[in-house]
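**Q** Just so we're aligned: 189 in our numbering is position 120 of the sequence shown, and the numbers increase by one with no gaps anywhere.
Built from N, CA and C at the ideal position, the CB exists for glycine as well.
This one's a predicted model, so the numbers in the text were calculated from it and none came from an experiment.
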Amino acid sequence: MLCKCPQCGAELPAGETCGARFDTCLAKEFEHPASYGSVHHLTVASYMLQHALYSRQAWLEARKMVAQYIHQGITPADVRRQNRQAFDSGHRQWSLTKGAKISALDGIVWTRTIADVRHDTPEVYCADVKTWATSVLLDTESVLPGLSVD
Numbered sequence: 070m071l072c073k074c075p076q077c078g079a080e081l082p083a084g085e086t087c088g089a090r091f092d093t094c095l096a097k098e099f100e101h102p103a104s105y106g107s108v109h110h111l112t113v114a115s116y117m118l119q120h121a122l123y124s125r126q127a128w129l130e131a132r133k134m135v136a137q138y139i140h141q142g143i144t145p146a147d148v149r150r151q152n153r154q155a156f157d158s159g160h161r162q163w164s165l166t167k168g169a170k171i172s173a174l175d176g177i178v179w180t181r182t183i184a185d186v187r188h189d190t191p192e193v194y195c196a197d198v199k200t201w202a203t204s205v206l207l208d209t210e211s212v213l214p215g216l217s218v219d
């Protein structure tokens with residue numbers, strides 16, 4: 070029997086949650102940083118974007134970063150250098166998780182979710198995470214008009 074995640078609509082085996090799958094992904098990435106961990110930045114951002122865990126401002130920034138990773142091939146180190154000042158908690162005027170969320174996410178039917186990420190091999194895992202992140206970008210295109218980073 071399948072159950073549905075209330076945030077992203079993922080269909081999961083009974084008793085399983087997206088949060089538990091996310092924890093499994095993180096454990097795999099931390100245990101094998103050179104292989105599974107190479108997509109950590111996409112795993113975290115995709116999960117947080119789909120589950121509306123970021124504040125509005127952080128959601129917009131995170132989506133922009135995922136687009137840079139996927140479409141421009143920018144590395145996590147490049148993004149860290151580029152955004153060091155903007156994301157420094159001592160300088161930013163907004164919270165990563167607290168505050169208003171983007172309500173338009175509620176209407177999205179996600180093409181792929183964390184439930185679609187297979188753990189068979191590092192190659193399969195990384196390919197699935199990249200496909201998932203790409204689908205998150207495409208699925209959120211419809212909410213972007215009218216939204217802007219303040």
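Tell me the DSSP secondary structure of Cys-72 in three-state form.
**A** Strand, per DSSP.
**Q** Do the CB positions of Ala-121 and Thr-166 come within less than 8 Å of each other?
**A** In this structure, Thr-166 does not lie closer than 8 Å to Ala-121 by Cβ.
**Q** Could you spell out where the beta strand (DSSP E) holding Glu-80 opens and where it closes?
**A** Unbroken beta strand (DSSP E) run through Glu-80: 80 to 82.
**Q** Can you check which of these residues, Glu-210, Tyr-194, Ser-211, is closest to Leu-111 by C-alpha distance?
**A** Checking every option, the nearest Cα to that of Leu-111 belongs to Tyr-194.
**Q** Quick one: which unbroken alpha helix (DSSP H) runs of 4-plus residues sit fully inside the segment 87 to 155? Chain order, please.
**A** With a minimum length of 4 residues, the continuous alpha helix (DSSP H) runs that stay inside the segment 87 to 155 are 87 to 100, 109 to 119, 125 to 136.
**Q** What is the DSSP secondary structure of Cys-77, reduced to helix, strand or coil?
**A** Cys-77 falls in the coil class under three-state DSSP.
**Q** When the Cα atoms are used, what is the spatial distance from Ile-139 to Ala-173?
**A** When rounded, the distance between both Cα atoms is 23 Å.
**Q** Looking at Ala-184: is its Cβ nearer than 8 Å to the Cβ of Arg-90?
**A** Taking 8 Å as the Cβ cut-off, Ala-184 and Arg-90 qualify as a contacting pair.
**Q** What number of angstroms, rounded off, separates the C-alpha of Cys-72 from the C-alpha of Leu-207?
**A** Approximately 25 Å between the Cα atoms of the pair.
**Q** By the DSSP assignment, the alpha helix (DSSP H) with Asp-189 in it spans what residues?
**A** Taken as a continuous stretch (DSSP letters only), Asp-189 belongs to no alpha helix (DSSP H), as it is neither H nor E.
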